[in-house]
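K.L.:
In my numbering, the protein residues as written are 1019 to 1184. Using N, Cα and C, we set each Cβ at its ideal position, and we do this for glycine too.
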Amino acid sequence: MNCFYHPDSPSVAACIDCGKGLCQPCTAKFSIAICNDCNAKRNQKDKVTMINILLKKILPSIVLFIVAFLFMHKTGSYSNIYVSIIFGYIVMSIPWGWSRTGDMLGRRRFSFLRSGFLDWCHWSLRISLSFLLGFVFFPLEVIKLIRAAKDSKKIDEAIERDPVNN
Ligand SMILES: [Zn+2]
Ligand SMILES: [Zn+2]
1019 MNCFYHPDSP SVAACIDCGK GLCQPCTAKF SIAICNDCNA KRNQKDKVTM
1069 INILLKKILP SIVLFIVAFL FMHKTGSYSN IYVSIIFGYI VMSIPWGWSR
1119 TGDMLGRRRF SFLRSGFLDW CHWSLRISLS FLLGFVFFPL EVIKLIRAAK
1169 DSKKIDEAIE RDPVNN
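(1) Residue range of the alpha helix (DSSP H) that residue 1007 falls in?
(2) Label residue 1122 either buried or exposed according to how many other C-beta atoms from any shown protein chain fall within 10 Å of its C-beta, with 16 as the threshold for buried.
(3) If I'm right that residue 1147 touches residue 1115 with Cβ under 8 Å, what's the distance once you round it to whole angstroms?
(4) The alpha helix (DSSP H) with residue 1105 in it runs from where to where?
(5) Excluding five sequence neighbours on each side, which residues of the same chain lie with their C-beta closer than 6 Å to the C-beta of residue 1092?
(6) Return the bridge partner residues of residue 1167 from the DSSP annotation.
(7) Report the option in 1182, 1034, 1087 and 1020 whose CA atom is closest to the CA atom of residue 1049.
(8) Using C-beta distances below 7 Å, list every residue in its chain close to residue 1029, excluding the 5 sequence neighbours before and after it, in chain order.
(9) Tell me the rounded alpha-carbon separation between residue 1043 and residue 1182.
(10) Between the C-alpha atoms of residue 1106 and residue 1083, what's the straight-line distance to the nearest angstrom?
(11) Which first and last residues belong to the alpha helix (DSSP H) in which residue 1060 is found?
(12) Tell me whether residue 1152 sits in a helix, a strand or coil according to DSSP, three-state version.
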């Protein structure tokens, strides 16, 4: 079998998604042996995921920050703006802490009648950890998203390049 993109070159690997033959330079083009078309598809899916995180998680967090900030600033006994900023930041990062502590501790379905003592311990622990750790997880998630966006751009650029005739 020869490379799908370079019919004169023998293939050394097959695309992990569709099985197309890939020559040595094509195999080394990405971090995994994958053809251009399949990687473009994967990259497209990743972009949709990133946009979803942006719209469904980061945007609501910013709204939460503004609401918490204004609440503290207008009604709080502290007139100090930094206190309001910190309060807004802690509130906005609670959902991030909640989601990450769920990954760490597992998720328990809430049922008012059937929830036992251990369930309440679990949620109390998760809420406390969300308060304590959310403000660390939030920037980490943002950094992860920025990195993912950069990687995705690199893949787009690599797809455009021909590793043999450039
Ligand atoms: Zn493929
Ligand atoms: Zn090739």
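P.N.:
From the atom records:
(1) In the structure as shown, the chain starts at 1019 and stops at 1184, and residue 1007 therefore has no counterpart that could be examined.
(2) exposed
(3) 6 Å
(4) Going by DSSP, residue 1105 is part of the alpha helix (DSSP H) stretching over 1099-1123.
(5) The beta carbon of residue 1092 is closer than 6 Å to none in its chain, skipping five residues each way along the sequence.
(6) In the DSSP output, where bridge partners are listed per residue, residue 1167 has none listed.
(7) For the residues 1182, 1034, 1087 and 1020, the minimum Cα distance to residue 1049 belongs to 1034.
(8) So the qualifying residues of the chain are 1019, 1020, 1021, 1039, 1040 and 1041.
(9) 6 Å
(10) 4 Å
(11) 1054-1071
(12) helix
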